[in-house]
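S.K.: Each residue of the sequence shown is one higher than the last, beginning at 1 in the UniProt record's numbering. All residues carry an ideal CB built from backbone N, CA and C; glycine is no exception. Small disclaimer: the values here were computed from a predicted structure and weren't measured.
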Amino acid sequence: MLYSDIHYIAFSIISSKVNNYPVFNHKNLSRLFFLSLKNNINLFMLSEKQLREFLYTHKEKIFSKRQKDVEKLIERFILIFEDKNLLKQAESEKKLCFEEEIQYVVYENATYPKKLHALRKLDHPVYVLFYKGYWKDFDKLKIAAIIGSRNTSSEGLVLAKSLGKELSMNKIYNISGLALGADAAGHEGSMGFTGAVLGQGLSKIEKRLYPKENIKLLFDILNKGIVLSEIPPSKKPIKYYFLCRDRIISALADSVIVIESRKKGGTMKTFQYAASLNKKIIVWKKNIDGNLFLLKKYNAHSFKQYFEVPKIINSPINGAMLF
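1. Report all residues from its chain with a CB closer than 7 Å to the CB of K59; omit the five preceding and five following residues, and keep chain order.
2. Among I41, K165, T194, S203, which residue has its Cα nearest to the Cα of K95?
3. As an exercise, report each continuous alpha helix (DSSP H) stretch of at least 4 residues that is fully enclosed by the region 63-137, in chain order.
4. Mind checking which residues open and close the alpha helix (DSSP H) that includes V309?
5. Just list the residues that DSSP pairs residue 329 with in beta bridges.
6. Starting from V158 and walking both ways along the alpha helix (DSSP H), at which residues does that stretch end?
7. With DSSP collapsed to three states, give me the class of L180.
8. In the DSSP output, which residue or residues are listed as bridge partners for K264?
9. Going along the chain, which residues of its own chain have a beta-carbon closer than 6 Å to the beta-carbon of G225, five neighbours each way excluded?
10. If you drop the 5 nearest sequence neighbours on each side, which residues of the same chain put their C-beta closer than 7 Å to that of F138?
11. Buried or exposed: E213, going by 16 or more other Cβ atoms within 10 Å of its Cβ?
12. Can you tell me which of the three DSSP states K285 falls into?
13. Can you grab the Cα-Cα spacing for the pair P233 / F130, in whole Å?
14. By how many angstroms is the C-alpha of A110 removed from the C-alpha of E91?
15. List the DSSP bridge partners of K280.
16. Buried or exposed for R245, please, with buried defined as at least 16 other CB atoms from any protein chain shown within 10 angstroms of its CB.
17. Among all the DSSP beta bridges, which residues are the ones paired with V227?
18. With distances taken between CB atoms, is the gap from L163 to H187 smaller than 8 Å?
19. Please classify Y56: is it buried, with 16 or more other beta-carbons within 10 angstroms of its beta-carbon, or exposed?
20. Leaving out the 5 sequence neighbours to the left and right, which residues in its chain are closer than 6 Å to P211 when beta-carbon positions are compared?
21. Rounded to whole angstroms, what's the CA-CA distance from A274 to I281? Just pull it up for me.
22. Evaluate the contact criterion for the region 141-161 versus the region 254-264: three or more CB pairs, one atom per stretch, below 8 Å.
23. Could you check which residue in I205, G201, H7 has the C-alpha nearest to that of N85?
24. Verify the contact flag: M268, CB atom, against every heavy atom of the ligand FMN, threshold strictly below 7 Å.
25. Taking the alpha helix (DSSP H) that N40 falls in, what are its first and last residues?
26. In the DSSP assignment, what are the bridge partners of F271?
27. On a CA-only basis, which of R66, C97, L51 is nearest F77? Give me that one, please.
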């Protein structure tokens with residue numbers, strides 16, 4: 001491997017803070033990372049002079065034409081990669097993993113899910129995938145994501161739970177976000193054949209889980225399943241992390257199933273990621289603004305009854321696209 005585990009955890013720390021850096025974005029970090037792999041150059045092993053030379057040589061590939069003050073951006077990157085405290089933080093995160101039995105796979109590991117390579121298309125890769133529970137070969141599993149609003153109706157919750165059970169009976173793995181509402185109901189229905197992606201670090205997850213109402217569900221999932229996160233273990237949940245989580249769900253899933261959605265919110269964001277990755281989109285045909293919007297504006301598959309879904313998943317027609 002070009003980068004060590006510590007270096008990859010350092011990348012995950014930088015990525016987790018990227019929303020706090022007003023001068024660059026995750027696209028810049030992604031492009032820099034892949035350029036370093038292509039050129040077989042470990043950015044953490046370069047001197048300040050060498051790093052500056054590398055950044056200036058490839059600046060047109062790293063930064064967009066719309067970004068101003070590229071020199072300022074380059075100097076900011078240099079400060080980040082030359083900061084010795086960054087590697088110390090990475091060491092601390094790795095120690096937490098050892099102490100709390102948090103496992104992880106890094107981008108260059110053979111076990112790293114190939115499905116996540118699709119996120120390069122979004123210029124937003126997962127550098128490290130931390131997990132607790134039982135590792136799955138996500139590339140061999142047929143996976144669907146049952147998602148929906150936190151305020152899903154009682155009818156929608158019953159549907160999501162029934163659908164989760166139906167998927168598991170058909171050997172279709174359910175991966176979702178452990179959110180209140182449709183996500184949780186889908187997890188419950190597919191218990192034993194489900195996993196969750198979280199928008200927070202996994203350290204002390206039993207005490208810090210958001211939402212806390214789903215703590216029992218978390219333990220139930222961990223009994224036979226897996227809980228994943230790209231966020232360094234010590235990090236607490238913030239809104240930005242949940243948006244990042246949604247793209248991981250979309251990348252791992254072959255199909256995304258929308259129970260109920262509003263025009264704005266996490267469900268719509270997950271859908272947008274899935275559509276951009278050409279995943280199969282399946283929407284409950286219900287008189288709800290978000291659902292109607294998806295069915296009208298996108299080439300999404302629709303269903304009325306939960307037992308229709310496995311057949312749609314197994315059909316050769318794929319994707320969703322704008323008309």
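M.R.: If we stick to the structure as given:
1. V70, I74
2. S203
3. 70-82, 84-99
4. 309-314
5. Any answer about residue 329 is impossible in this case: the structure gives the chain only from 1 up to 323.
6. 154-169
7. coil
8. DSSP, once it has assigned bridges, lists no residue as partnering K264.
9. G133, T194, G195
10. P113, K115, L252
11. exposed
12. coil
13. 8 Å
14. 22 Å
15. S255
16. buried
17. K132, A196
18. no
19. exposed
20. L180
21. 7 Å
22. yes
23. H7
24. Ligands displayed in this structure: none; no statement on the ligand FMN is therefore possible.
25. That residue, N40, is in no alpha helix (DSSP H); it is neither H nor E in DSSP.
26. Note: F271 sits in no beta bridge, so no partner.
27. L51
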